[in-house]
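Enquirer: With numbering that gives the first Met the number 0 applied, the first sequence covers 0 to 198.
In this text, a Cβ means the ideal position worked out from N, Cα and C, and glycines have one as well.
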Amino acid sequence: MSKLPLDFYERDDVVLIAKELLGKKLCVQSAEGLVVGKITEVEAYAGRNDKASHARDGLRTERNKVMYAKGGTSYVYLIYGIHHLFNVVTNIKGRADAVLIRAIEPLEGFDLMLERRGKSKVDKSLSSGPGTLSQALGINYKVHNGLNLLDDLVWLEDQPCLTDDQMVTSTRIGIDYAGEDALKPWRFYMKDSVWISKK
DNA sequence: AATTAGATGTTCT
DNA sequence: GAACATCTAATTA
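#1: Alpha carbons only, please: which of Arg115, Pro129 and Lys64 is nearest the one belonging to Tyr79?
#2: According to DSSP, simplified to helix, strand and coil, what is Val27?
#3: List the DSSP bridge partners of Thr168.
#4: Closer than 6 Å by C-beta to Asp122: which residues in its own chain qualify, once you throw out the five before and the five after it? Chain order, please.
#5: Please report the distance separating the alpha-carbon of Met189 from that of Leu21.
#6: Can you look up Asn86 in the DSSP assignment and give me helix, strand or coil?
#7: Is DSSP giving Ile16 helix, strand or coil here?
#8: Nearest to Gly178 by alpha carbon, out of Lys141, Arg55 and Glu9?
#9: What residue from Ile91, Glu156 and Arg186 has the CA that sits closest to Asp11's CA?
#10: Inspect the beta-carbon positions of Ile138 and Phe187 and report whether they are closer than 8 Å.
Written out as structure tokens, the structure is:
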């Protein structure tokens with residue numbers, strides 16, 4: 000039930016933090032109600048030496064500037080003109096690491112998620128994918144970008160970490176433009192979960 | 001079951 | 001103007 004503290008986010012190892020985020024609870028409060036999901040799939044993006052990151056080569060733009068904020072900040076942006084992707088900024092201020100949340104298992108607020116997704120049944124398609132999860136949680140890049148995850152709008156709650164044999168490691172999705180960095184094994188998902196974007 | 005195409009809008013060259 | 005950390009429906013097999 001306790002929120003992840005600043006210390007958790009400000010460490011200098013995105014890959015480790017990404018792995019530890021598996022199984023944690025992601026909570027979003029809105030006027031319509033509270034929605035909670037368990038994180039089942041993540042990807043790590045490093046501020047340095049990672050061509051797949053928006054912050055590659057120290058690049059600083061209007062869009063990615065929140066990646067340089069302190070750990071425990073949200074980074075939400077629009078992709079393909081349609082989907083809102085939710086990231087957790089990590090590392091200290093000035094170091095642009097981030098973890099992309101790619102899938103969740105719904106825990107609370109089923110009705111609200113179904114309504115927002117225009118669905119009538121709870122199944123894998125409700126929130127297994129970075130775009131659909133944001134829709135289910137009501138995350139919008141104009142509203143939820145640059146928020147402090149220690150506040151009461153969007154936050155993460157602690158849960159036991161998984162062991163390495165409870166997770167699967169793979170390359171990241173949709174970053175073919177990144178050259179050899181596309182081969183980095185920085186995507187992690189829960190082995191025994193159905194709530195995964197794809198194997 | 002697997003592959004393809006179209007949607008959509010913001011950012012960066 | 002091209003590319004983009006995607007999803008879905010429609011098409012092909």
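Expert: Judging by the given coordinates:
#1: Cα-wise, what sits closest to Tyr79 is Pro129.
#2: Note: Val27 maps to strand in three-state DSSP.
#3: Looking at the DSSP assignment, Thr168 forms a beta bridge with Phe187.
#4: Result list for Asp122: empty, nothing under 6 Å.
#5: Answer to the nearest angstrom: the Cα atoms are 7 Å apart.
#6: Three-state result, Asn86: strand.
#7: Reduced to three states, the DSSP call for Ile16 is helix.
#8: Nearest option by C-alpha distance: Arg55.
#9: The closest CA to that of Asp11, considering only Ile91, Glu156 and Arg186, is found on Ile91.
#10: Contact flag unset, no.
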